Structure formats: structure tokens, C-alpha cells
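For the first sequence, this note's numbering gives the first residue as 1, with consecutive numbering after it.
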Amino acid sequence: MERRGVLIDPDTLRQMSDELGQQHAKLEQEMYTMAGYEFNIGSPAQLSEVLFTKLQLPTTGIKKGKTSFSTGQSELDKLRGEHPIIELIEQTRELAKLKNTYTDALPKLADEHNRIHTTFNQDVAATGRLSSTNPNLQNIPIRTELGRKIRRAFIADGDKVLVSADYSQFELRLAAILANDESLINDFNGDVDIHTKTASEVYGIPMDDVTKDQRRAAKVINFGVLYGMSPHGLAANTGMSFGQAKDFIDQYFSLRAPIRAFIDKTLAKARTDGYVETYYGRRRPTPDIVSSNFMVRAGAERAAANMPIQGTEADLMKRAMLKVEERLGDLGDQVLQIHDSILVECPEENAQKVADILETTMEEIAPELGIKLRVDVSTGKNWGEL
DNA sequence: AAAGAAAGCGCG
DNA sequence: AAAGCGCGCTTTCTTT
1 MERRGVLIDP
11 DTLRQMSDEL
21 GQQHAKLEQE
31 MYTMAGYEFN
41 IGSPAQLSEV
51 LFTKLQLPTT
61 GIKKGKTSFS
71 TGQSELDKLR
81 GEHPIIELIE
91 QTRELAKLKN
101 TYTDALPKLA
111 DEHNRIHTTF
121 NQDVAATGRL
131 SSTNPNLQNI
141 PIRTELGRKI
151 RRAFIADGDK
161 VLVSADYSQF
171 ELRLAAILAN
181 DESLINDFNG
191 DVDIHTKTAS
201 EVYGIPMDDV
211 TKDQRRAAKV
221 INFGVLYGMS
231 PHGLAANTGM
241 SFGQAKDFID
251 QYFSLRAPIR
261 AFIDKTLAKA
271 RTDGYVETYY
281 GRRRPTPDIV
291 SSNFMVRAGA
301 ERAAANMPIQ
311 GTEADLMKRA
321 MLKVEERLGD
331 LGDQVLQIHD
341 SILVECPEEN
351 AQKVADILET
361 TMEEIAPELG
371 IKLRVDVSTG
381 KNWGEL
């Protein structure tokens with residue numbers, strides 16, 4: 001994958017850079033006007049000075065930081081509505097991030113064929129995942145519409161196409177399997193919307209009555225509570241009160257007793273054996289699990305609870321990639337791996353075959369688990385439309 | 001001038 | 001006192 005590289009359209013990215021730069025300059029001027037003077041938006045210290053000293057925005061509960069108040073997104077959320085500059089900061093930050101990290105940088109790294117060659121590090125992540133550097137191609141934007149435009153600049157060569165295959169709800173499904181939570185497993189096998197189902201059970205209401213906010217809270221729970229998210233963290237993420245968040249978490253674990261038991265078993269192993277491991281035996285040492293420092297110890301517990309799940313995911317992906325490479329032959333080339341997904345470039349006439357190989361190979365990579373994994377496959381001319 | 005820490009934020 | 005896990009990159013600011 002490193003040698004093959006992935007094709008980009010550098011002209012599109014350069015054009016985006018221009019537009020982002022112009023828009024950024026415009027927003028910058030508006031912010032200077034609001035503040036009454038020019039300052040460096042990229043400097044958290046200067047921005048904090050503008051918000052809390054010059055503009056006198058309320059600092060109650062905004063706290064953080066060693067020297068100045070934090071200006072991170074989580075704190076800006078609390079200030080929304082207090083002053084129009086808040087939205088400008090958010091917009092400016094998004095533009096600067098996309099320009100500096102992606103649209104400016106990527107074209108410079110392409111070879112003479114406009115292909116980018118990342119390095120996949122195999123001995124970096126403590127869980128067994130790959131990581132990607134110089135450039136990191138595992139964090140190309142997708143969550144905002146503007147960001148997704150960058151992903152659309154990743155394309156297939158000539159009349160080829162891109163085929164992506166990603167595991168559906170990989171971590172949650174593995175958690176259900178490793179914890180042997182039959183109720184959760186049945187939900188997955190029944191193609192139930194797991195976040196809606198969780199909300200329905202936690203709130204004790206029919207699935208059809210679950211509101212968007214309730215589903216969103218359940219989604220945060222499903223991803224976060226597994227690894228030790230606190231009532232404080234859940235409240236901050238969903239807008240619930242601390243008390244509501246605590247009740248929600250209590251209700252969740254009484255509902256998912258097998259998950260609770262699996263986490264407890266994992267922590268017990270960390271304490272007695274000094275390591276935790278994946279389903280296939282990849283280990284992560286856990287020396288800090290016995291630290292006398294509460295923060296260090298609590299952090300080690302969250303990391304230990306997470307590793308068997310994230311690590312097993314990594315193990316499965318690596319096995320799948322090897323088998324995919326074998327079965328693909330000359331039909332197409334794997335070009336990227338993004339933790340739970342594989343991206344393949346292939347001639348259009350092979351697309352259906354490639355898609356089938358990806359789907360069946362990934363879904364059937366671990367029959368010993370006794371549970372069917374689900375894979376979603378998609379084909380297109382660029383990465384953004386997949 | 002180079003190296004490192006902090007803050008912030010992109011992804012799974 | 002502080003409260004999901006795993007990464008890498010850019011900028012600012014400080015230290016060497």
C-alpha cells in the first residue's frame with residue numbers, strides 16, 4: 001500500500017486552498033472588528049484575552065488551562081449565544097485546520113503521478129492498530145460537508161474506481177461478542193438500530209417513541225461508557241445534567257450486565273497478570289493499573305478496558321487484509337486501511353468481483369467467533385462519495 | 001536555530 | 001481532583 005500510493009487531484013486541492021484562504025481572511029477581519037483590535041486567532045492565549053478580558057464573556061464553568069481560560073470547542077459550546085464572535089471562531093478554526101493540515105500539505109507530498117505514499121507504522125499503537133504518518137491518511141476529513149470535499153479529491157486512476165469496505169459497528173459488535181452479551185448479539189443479528197434500541201431500553205419506552213436527543217445520548221453511551229466515561233463526561237457530551245447522566249449510566253449497565261462483567265474481568269486480569277490481551281492473545285502491559293496516583297490509575301483502567309476490544313479489531317483487520325490481498329490477485333489493489341475499513345483501487349469491470357471478495361472475506365474472517373460480522377461496501381470514482 | 005510542551009482538532 | 005479509548009499534524013510559545 002505504501003508503494004502503490006493513492007491518487008489525488010492536486011488542482012482541486014490547490015483551488016480549495018485559495019478559497020479557504022480568502023474566506024479565512026474575511027472572517028479574520030470581522031473578528032478584529034468585534035474585538036476592537038488585531039490579534040492572533042491561532043494563539044489560545046491571545047484569544048482567551050479577547051474573549052474573557054476584552055469582551056467580558058462569562059467564565060463561570062468555562063474553566064480549564066494553567067495560565068488562561070481554555071478556548072477549545074467544548075468550552076465554546078458553553079458560550080454559544082453569548083456573543084457572535086463565537087461562531088466566527090468556530091468557522092475560522094475549521095477553515096484554518098482544513099487548509100493548513102490538508103489542502104496546503106497534500107499536493108506537496110504527491111509524486112510525479114500525483115500519488116501520495118503514506119507510511120503505515122506497525123509498532124506504534126499500544127493496541128495493535130496500524131498508524132499512518134507523513135502524511136497521516138487515516139484522518140482525512142469526512143464529518144463536515146466542507147471537510148468531505150477534501151476526501152473527494154482522493155480519486156481512482158483513469159477508468160478505474162475505488163471500492164471501500166467497512167465493518168459495521170465494529171467495536172460495539174466485538175464488545176457484544178467478547179462479553180457474550182446475548183441480548184446485544186441478538187440485536188446485531190436482527191439488524192436492529194442499536195443506538196435507538198439502547199435508548200428505548202434505558203428510557204423504558206417503545207423504539208418508535210425515541211427522540212433524536214435520546215438516540216444521540218444512547219450513541220454517546222454506546223461508544224463511551226464501555227471504556228469508562230463518567231457521568232461528568234456524558235453530561236458534557238449530551239447536555240444532560242450530571243444526575244441524569246449518572247442515572248443513564250447506571251441504567252445502561254444494569255441492562256448490559258455482561259458488558260459490566262467483561263470490563264470487571266478485564267481489570268481483574270490487568271491487576272493480577274500485569275497485562276490485558278486481545279481474543280488472539282496480543283498483549284498490552286498495564287503497569288499503571290496499580291499506581292498509587294488516582295488519576296494515573298483511573299487512566300490505566302480505562303485504557304485496559306478498551307484494549308481487548310480495539311486490539312481484537314486490529315487483529316481481525318490485519319488477518320482480513322492478508323486474505324484479501326491473496327484473493328484479490330490482479331483484480332485490484334488495496335491502497336489504504338483506516339482501522340475498520342479497506343480502500344481498493346481497481347478497473348471498473350472488476351468492481352463487483354472486488355466488492356464481493358472484500359465483503360465475504362471480511363465478514364468471514366473469524367468464524368470461531370460464532371457471530372456474523374457485517375460489512376458495508378461501496379463503489380465510486382472518488383473517496384468522498386463512498 | 002533546534003527541540004519540546006501545550007493547545008487544539010482531524011479521523012476510527 | 002478529575003472523570004471514554006487509539007492515533008498524527010499544525011501552530012504558538014518556551015526552553016535549550
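The beta carbon of each residue, even a glycine, is placed where N, CA and C say it ideally should be.
Note that the coordinates shown come from a computational prediction; the quantities given were computed from them, not determined experimentally.
**Asked** Does the Cβ of His113 have 16 or more other Cβ atoms within 10 Å, making it buried, or fewer, making it exposed?
**Response** exposed
**Item:** Those residues which DSSP pairs with Gln337 across a bridge
**Value:** Ile342
**Asked** For the beta strand (DSSP E) that Lys160 lies in, which residues bound it at each end?
**Response** Lys160 to Tyr167
**Prompt:** Where Ile155 and Val335 are concerned, what is the direct C-alpha to C-alpha distance, given to the nearest angstrom?
**Reply:** 11 Å
**Request:** On a CA-only basis, which of Lys78, Gly65 and Gly147 is nearest Leu20? Give me that one, please.
**Result:** Gly147
**Message:** Could you pull the DSSP bridge partners for Glu348 from this structure?
**Reply:** Answer is none; Glu348 lacks a bridge partner.
**Asked** Whole beta strand (DSSP E) runs in the segment 198 to 256 with 3 or more residues, listed along the chain?
**Response** none
**Prompt:** Is the CB-CB distance between Gly415 and Thr266 below 8 Å?
**Reply:** In the structure as shown, the chain starts at 1 and stops at 386, and residue 415 therefore has no counterpart that could be examined.
**Message:** Given this structure, state the Cα-to-Cα distance separating Arg216 from Lys197, to the nearest angstrom.
**Reply:** 12 Å
**Residue span of the beta strand (DSSP E) that contains Glu277, given as start and end** = Tyr275 to Glu277
**Message:** Please report the distance separating the alpha-carbon of Arg302 from that of Lys160.
**Reply:** 44 Å
**Item:** Under the three-state DSSP convention, the category Ile142 falls into
**Value:** coil
**Prompt:** To which residues of the same chain is Gly42 closer than 8 Å at the C-beta, ignoring the five residues directly before and after it?
**Reply:** Ala96
**Request:** Could you work out which residue in Ala320, Leu386 and Asn382 is closest to Pro367 when comparing CA atoms only?
**Result:** Ala320
**Item:** Ile194, buried or exposed, once every other Cβ within 10 Å from all chains shown has been counted against 16
**Value:** buried
**Prompt:** Given a threshold of 16 other Cβ atoms within 10 Å of its Cβ, counted over all protein chains shown, does Ile357 qualify as buried or as exposed?
**Reply:** buried
**Message:** What does the Cβ neighbour count give for Gly281, buried or exposed, with the cut at 16 atoms within 10 Å?
**Reply:** exposed
**Asked** Quick one, which of Lys219, Leu57, Ser68 and Leu178 has its alpha-carbon nearest Pro258's?
**Response** Leu178
**Item:** Residues of its chain near Ala105, where Cβ-Cβ distance is below 8 Å and the 5 sequence neighbours each way are ignored
**Value:** Pro135
**Item:** Simplified DSSP assignment, three categories, for Val192
**Value:** coil
**Asked** Can you list, in chain order, the stretches of the alpha helix (DSSP H) that have 4 or more residues and sit fully within the segment 271 to 305?
**Response** none
**Asked** Hey, quick one: how far does the beta strand (DSSP E) through Phe39 stretch, first residue to last?
**Response** Per DSSP, Phe39 belongs to no beta strand (DSSP E) and is neither H nor E.
**Prompt:** Where Arg4 and Phe39 are concerned, what is the direct C-alpha to C-alpha distance, given to the nearest angstrom?
**Reply:** 44 Å
**Prompt:** Would you say Arg143 and Trp383 are within 8 Å of each other, going by their C-beta atoms?
**Reply:** no
**Residue(s) in a DSSP beta bridge with Gly380** = Leu162
**Message:** Looking at the secondary structure, which residues open and close the alpha helix (DSSP H) in which Ser132 lies?
**Reply:** Careful: Ser132 lies outside any alpha helix (DSSP H), inside the beta strand (DSSP E) at Ser131 to Thr133.
**Message:** So, at 6 Å on beta carbons, what are the nonlocal neighbours of Ala199 in its own chain, with the 5 sequence-adjacent residues on each side left out?
**Reply:** Val210, Gln214, Arg215 and Ala218
**Item:** DSSP-derived helix/strand/coil call for Arg260
**Value:** helix
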